[in-house]
Every structure is written in structure tokens, then in C-alpha cells.
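Scroll down for the structure; my scribbles are underneath it.
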Amino acid sequence: MPTSVSHALAAGAIGAILAPATTTRRYWIVGVACAVAVDLDAIGRPFGYPDIAFVGGHRALTHSLPFAVALGAVATIAFFRGRSWDGHRWRIAAYLTLATASHGLLDLLTTRGQGVGLLMPFNWIRYEAAWRPVRGLNELWIVWLPLMATIWVARGLRSRTAAVRA
Ligand SMILES: [Zn+2]
Numbered sequence: 004m005p006t007s008v009s010h011a012l013a014a015g016a017i018g019a020i021l022a023p024a025t026t027t028r029r030y031w032i033v034g035v036a037c038a039v040a041v042d043l044d045a046i047g048r049p050f051g052y053p054d055i056a057f058v059g060g061h062r063a064l065t066h067s068l069p070f071a072v073a074l075g076a077v078a079t080i081a082f083f084r085g086r087s088w089d090g091h092r093w094r095i096a097a098y099l100t101l102a103t104a105s106h107g108l109l110d111l112l113t114t115r116g117q118g119v120g121l122l123m124p125f126n127w128i129r130y131e132a133a134w135r136p137v138r139g140l141n142e143l144w145i146v147w148l149p150l151m152a153t154i155w156v157a158r159g160l161r162s163r164t165a166a167v168r169a
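So, in C-alpha cells, the structure goes:
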């Protein structure tokens with residue numbers, strides 16, 4: 004499965020593309036937390052406990068697109084209440100939803116692990132991608148590098164746009 008670093012970088016890339024003109028540390032931390040928290044369904048593994056059954060086990064409900072929409076909405080309401088976020092909440096909700104959804108979609112691209120319940124709880128099929136290029140160390144160059152490049156380009160374009168406006 005992709006490492007938490009991959010999921011955090013995916014959130015960073017989506018956040019860099021959707022960032023409002025000014026962001027705070029909270030913006031980045033909540034996005035990364037949404038993307039990484041999806042794996043809490045398997046939190047017992049390092050301690051020898053089974054996956055959390057009431058969410059369907061690993062790569063089930065927490066990895067689904069409906070869950071991403073719900074978590075994106077709840078996290079936006081919970082963490083972006085202040086007036087400084089007025090006018091930005093739809094964009095932030097989209098960012099948090101996509102950051103969360105990116106986790107299950109990235110998991111689809113791996114050769115290891117079971118299929119992903121992308122549409123749970125509406126259907127309990129576990130999907131597998133026909134093309135699963137992520138295996139072992141190649142994650143570094145086929146996931147990390149493109150995501151880091153995306154962050155770099157998005158931030159560069161943003162600061163350029165800000166400089167033109169100034
Ligand atoms: Zn996962």
C-alpha cells in the first residue's frame with residue numbers, strides 16, 4: 004500500500020492547486036490529516052489487533068467516496084469556522100473531500116492489499132484497478148516525484164500570480 008507520505012503529498016498537491024490567496028498552517032494540516040486518517044480502519048495492526056469491523060475492515064467505508072464527501076464537509080465545518088474563511092468554505096470543502104478521496108484512489112493503484120470499497124455504504128463491492136503500477140520502492144518516483152512537482156508548480160504559479168497582482 005502507498006505509505007502515509009504518499010497520501011500526505013497527494014493532499015498537499017490538491018491543497019496547492021485549490022489554495023485560497025492566503026492560507027494558514029491549519030489549511031495544510033487538516034488536509035493532510037483527512038488524507039492520512041483514512042487508514043485509521045487498520046490502526047490496530049501494529050499492535051496485533053484486527054481491522055475495525057464496524058467500518059467494514061481495511062480499505063472499506065473510510066476509503067469510500069461518500070465517506071470523503073462526509074469527512075470533507077464535517078472537517079470544513081469543524082475547523083474553518085472563523086470569519087477569515089468566509090467566501091472560501093466551498094473551496095476548502097472541495098479540497099478536504101478530494102484529499103480524503105485521493106487516499107482510496109491511490110490505494111487502487113497498488114499491487115498489494117485488498118480492493119477498495121469506493122462506493123460503500125451504497126454498494127459493498129471492493130474495486131481493483133486494471134492497472135496497478137505502484138509496487139515497493141517505485142512509489143518514490145511514480146507517486147512522490149509527480150506530486151512534489153505538482154506542489155512546486157502550483158505554488159510557483161500562485162506566487163507569480165500574486166506578484167502580477169501586486
Ligand atoms: Zn489506505
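The opening residue of the sequence shown carries number 4 in my numbering; numbering runs sequentially from there.
Note that CB positions come from ideal geometry on N, CA and C, so glycine has one too.
Just so it is clear, the structure is predicted and the values come from calculations on it, not from any experiment.
Open item on the list: Tell me whether Asp42, by its Cβ, gets closer than 6 Å to a heavy atom of ligand 1.
Closed with: yes
Open item on the list: Bridge partners for Val137 per DSSP, in chain order?
Closed with: Thr113
Open item on the list: Please determine whether the Cβ atom of Asp89 lies at a distance below 6 Å from any heavy atom of ligand 1.
Closed with: no
Open item on the list: Nearer than 6 Å: is that true of the beta carbon of Asp110 relative to any heavy atom of ligand 1?
Closed with: True, at least one ligand heavy atom lies under 6 Å from that Cβ.
Task: Local Cβ density within 10 Å of Thr6, reported as buried at 16 or more and exposed below that - done: exposed
- [ ] Check the DSSP bridge columns for Val119 and list the partner residues they point to.
- [x] Tyr130
- [ ] Given a cut-off of 7 Å, decide if Val146 and His66 are closer than it, judged by their beta-carbon atoms.
- [x] no
- [ ] Compute the Euclidean distance between the alpha carbons of Ala76 and Ala36, then round it to the nearest angstrom.
- [x] Separation of Ala76 and Ala36 (C-alpha to C-alpha, rounded to the nearest whole angstrom) is 14 Å.
Open item on the list: Less than 7 Å between the beta carbons of Leu61 and Val39, yes or no?
Closed with: Here residue 61 is His; the residue named in the question, Leu, does not match the sequence. Taking 7 Å as the Cβ cut-off, His61 and Val39 do not qualify as a contacting pair.
Task: Test item: CB-CB of Leu112 and Ala132 under 7 Å - done: yes
TODO: Could you spell out the range, first to last residue, of the alpha helix (DSSP H) harbouring Leu21?
DONE: Ser7 to Leu21
Task: Counted within 10 angstroms of its Cβ, other Cβ atoms place Ala104 as buried (16 or more) or exposed - done: buried
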